[in-house]
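Asks:
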Amino acid sequence: MSEAEPGLFEAAEIASTPEKPAEPGVARTREPQRAQAEIRFSVPDDLVAPSNPARLFWEILGRLDLTAFGLECGSVEGKAGRAMLSPRMLLTLWLYGISEGVGSAREIERLTKRDTVYRWIVGDLEVSHHKLSRFRVGHGEALNGLMTDVLASLMEKGLLSLDLVADDGTRTRAAASAPSFRTYGSLLECRAQAALHLKAVLAAAEDPEYTRAQHTRRAVAARDFQQRVEAAIATVAEIQEQRTPAENRKLKPARASTTDAEARVMKMGDGGFRPAYNVQYSVAGSELGGPRTIVAVQVTNVGSDMGDLTPMAEQVEERTGQLPKVVLADGGHAKAEDITTVKGMDIDVLVPPPENAKSIDKLKAEGAGAELIDWRERMATPEAAKAYRARAGLCELANAHQKSHHGLTHFLVRGLDKVTCVTLLSAIAFNLSQHASHLLR
Numbered sequence: 033m034s035e036a037e038p039g040l041f042e043a044a045e046i047a048s049t050p051e052k053p054a055e056p057g058v059a060r061t062r063e064p065q066r067a068q069a070e071i072r073f074s075v076p077d078d079l080v081a082p083s084n085p086a087r088l089f090w091e092i093l094g095r096l097d098l099t100a101f102g103l104e105c106g107s108v109e110g111k112a113g114r115a116m117l118s119p120r121m122l123l124t125l126w127l128y129g130i131s132e133g134v135g136s137a138r139e140i141e142r143l144t145k146r147d148t149v150y151r152w153i154v155g156d157l158e159v160s161h162h163k164l165s166r167f168r169v170g171h172g173e174a175l176n177g178l179m180t181d182v183l184a185s186l187m188e189k190g191l192l193s194l195d196l197v198a199d200d201g202t203r204t205r206a207a208a209s210a211p212s213f214r215t216y217g218s219l220l221e222c223r224a225q226a227a228l229h230l231k232a233v234l235a236a237a238e239d240p241e242y243t244r245a246q247h248t249r250r251a252v253a254a255r256d257f258q259q260r261v262e263a264a265i266a267t268v269a270e271i272q273e274q275r276t277p278a279e280n281r282k283l284k285p286a287r288a289s290t291t292d293a294e295a296r297v298m299k300m301g302d303g304g305f306r307p308a309y310n311v312q313y314s315v316a317g318s319e320l321g322g323p324r325t326i327v328a329v330q331v332t333n334v335g336s337d338m339g340d341l342t343p344m345a346e347q348v349e350e351r352t353g354q355l356p357k358v359v360l361a362d363g364g365h366a367k368a369e370d371i372t373t374v375k376g377m378d379i380d381v382l383v384p385p386p387e388n389a390k391s392i393d394k395l396k397a398e399g400a401g402a403e404l405i406d407w408r409e410r411m412a413t414p415e416a417a418k419a420y421r422a423r424a425g426l427c428e429l430a431n432a433h434q435k436s437h438h439g440l441t442h443f444l445v446r447g448l449d450k451v452t453c454v455t456l457l458s459a460i461a462f463n464l465s466q467h468a469s470h471l472l473r
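When you read off a place in the sequence shown, starting at 1, and then add 32, the result is the number in this note's numbering.
Now the structure itself:
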């Protein structure tokens with residue numbers, strides 16, 4: 033055996049010796065570098081697709097007359113003053129926000145700083161939630177006119193037919209809580225407390241713990257609460273005056289909310305009772321499907337739909353210049369005087385009579401009007417029953433769309449006028465969304 037060659041025992045020892053594992057290395061990673069300067073070129077107009085709803089709203093509003101939104105502006109061409117924000121831009125913000133289910137001015141303000149589409153709408157401008165809130169509720173007449181202009185455009189293009197219109201009311205939660213409703217005696221105590229609170233706030237005007245701006249806000253809030261208490265007292269007194277002595281003895285004492293004096297406690301769709309407003313829509317469309325159009329809007333603080341057929345038909349005529357040919361409504365609208373009036377307008381009314389309604393023979397024996405008897409005989413025919421089936425597909429679908437897609441499950445504003453403004457904006461957004469592609473042709 034050669035000396036260079038290992039022996040058998042040495043070879044076996046070498047083969048049985050395990051190799052030492054290699055130590056693991058540190059993984060290589062790529063970390064973000066934020067201190068490195070870079071130049072980017074982008075065109076904001078290229079960030080939003082041509083079919084985006086925001087662009088469609090912007091284009092449609094550009095074809096409508098929006099001068100009514102600037103009538104209160106003191107700054108005009110040729111005179112000194114600060115220019116107002118574009119009504120077209122503010123309307124586009126609200127309409128797009130509503131179409132996305134956003135109904136809060138603060139949320140829209142946040143989205144204008146981080147969302148591409150909202151940033152495209154405002155461009156190089158900045159919008160505060162205060163400005164958005166004031167714009168939404170401060171142009172009731174202008175919004176009402178815009179609603180009419182949209183319907184006129186649809187009529188001109190042949191996109192709106194009034195052959196079939198359905199009426200329905202939906203109770204929408206008000207911005208008030210149940211404990212805020214108080215009786216007259218409790219409201220008088222609130223008046224005394226509000227006066228003491230305002231006196232204390234004004235007495236602390238020199239307190240160095242608060243800044244001047246904080247003092248101002250505290251005084252404004254105290255006066256606002258005092259005004260709301262006074263409005264609630266006036267509301268309770270008005271309700272008591274409208275009741276008969278028998279009703280005052282039978283019914284519970286009248287109550288009003290110190291948060292929203294115009295809100296009323298109503299029976300909701302789930303059977304519960306909560307502060308709400310009654311939002312009425314008249315929706316036109318076809319029983320075969322297709323786009324729906326809200327042709328009339330009315331907001332009341334009355335929990336019943338009785339008596340709403342006539343004002344809604346008159347509003348449709350005022351906005352479009354035509355009366356509906358057929359009106360569908362549920363049994364909650366079956367008021368004899370109302371149906372008689374609408375039938376007198378040469379409108380075919382399809383409203384099921386209530387379960388306790390008098391028979392046709394008894395109505396004839398009592399000498400009821402021809403319109404009322406004609407309505408009852410019409411509702412007894414199979415043709416009327418078949419035509420009435422289209423009601424749910426028109427008005428209830430629109431109501432569900434407003435609540436599920438537009439987020440109109442509860443109001444964030446107080447007062448009948450402001451609630452009406454919010455409802456009009458939502459109706460305009462609904463109509464433009466339904467007909468956007470045709471309006472741009």
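Ideal Cβ placement from N, Cα and C applies to all residues, glycine included.
Small disclaimer: the values here were computed from a predicted structure and weren't measured.
Measuring alpha carbon to alpha carbon, tell me which residue in N176, T325, A308, D393 is nearest G425.
Replies: T325
Asks: Short of 8 Å in beta carbon distance, which residues of its chain neighbour A468, apart from the five on each side in sequence? Order them along the chain.
Replies: Counting only Cβ-Cβ distances below 8 Å, and skipping sequence neighbours, we find P85, L88, F89, I92.
Asks: Locate the alpha helix (DSSP H) running through I153, then write down its first and last residues.
Replies: 148-154
Asks: Classify T31 as helix, strand or coil using the three-state DSSP reduction.
Replies: Here the chain covers residues 33 to 473 and nothing more, so residue 31 does not appear.
Asks: Count the CB pairs spanning the segment 179-195 and the segment 255-262 that are closer than 8 Å, and state whether there are at least three.
Replies: no
Asks: Does L382 come out as helix, strand or coil in the three-state DSSP assignment?
Replies: strand
Asks: Expressed to the nearest angstrom, what Euclidean distance is found between the alpha-carbon atoms of V329 and A459?
Replies: Inter-residue distance for V329 and A459 is about 8 Å (C-alpha atoms, whole angstroms).
Asks: Tell me the DSSP secondary structure of V58 in three-state form.
Replies: coil
Asks: When you compare the CB positions of V383 and A366, do they come within less than 7 Å of one another, or not?
Replies: yes
Asks: Does DSSP classify F257 as helix, strand or coil?
Replies: helix
Asks: Could you say which of V75, V80, E270, A210 lies nearest to D147 if we only look at CA atoms?
Replies: The residue with the shortest Cα to Cα distance from D147 is V80.
Asks: Could you tell me the distance, in whole angstroms, from the CA atom of D406 to the CA atom of V327?
Replies: 27 Å
Asks: Would the beta-carbon of V358 fall within 7 Å of that of S314?
Replies: no
Asks: If you follow the alpha helix (DSSP H) that T215 is in, where does it begin and where does it stop?
Replies: It is not in any alpha helix (DSSP H) - T215 carries neither H nor E in the DSSP assignment.
Asks: What did DSSP end up calling F167 once you bin it into helix, strand or coil?
Replies: Here F167 sits in helix by DSSP.
Asks: Give me the Cβ distance between L178 and L96, rounded to the nearest whole Å; I'm assuming they're in contact under 8 Å.
Replies: 7 Å
Asks: Is I379 buried or exposed, if buried means 16 or more other CB atoms sit within 10 Å of its CB?
Replies: Looking at its Cβ environment, which holds 16 or more other Cβ atoms inside 10 Å, I379 is buried.
Asks: What does a CB cutoff of less than 6 Å around Y150 pick up in its chain, not counting 5 residues either side in sequence?
Replies: L143, T144
Asks: Suppose you measure from the CA of Q246 to the CA of A235; what does that come to, to the nearest Å?
Replies: 14 Å
Asks: Put Q68 into one of helix, strand or coil per three-state DSSP.
Replies: coil
Asks: So who's on the other strand from A432, going by DSSP bridges?
Replies: Looking at the DSSP assignment, A432 forms no beta bridge with any residue, so it has no partner.
Asks: Rounded to the nearest angstrom, what separates M338 and A251 at their Cα positions?
Replies: For M338 and A251, the distance between alpha carbons rounds to 43 Å.
Asks: Please go through the same chain and pick out, in chain order, the residues whose beta-carbon is closer than 8 Å to the beta-carbon of L464, but skip the five residues on each side of it.
Replies: L88, F89, I92, L127, V182, L471
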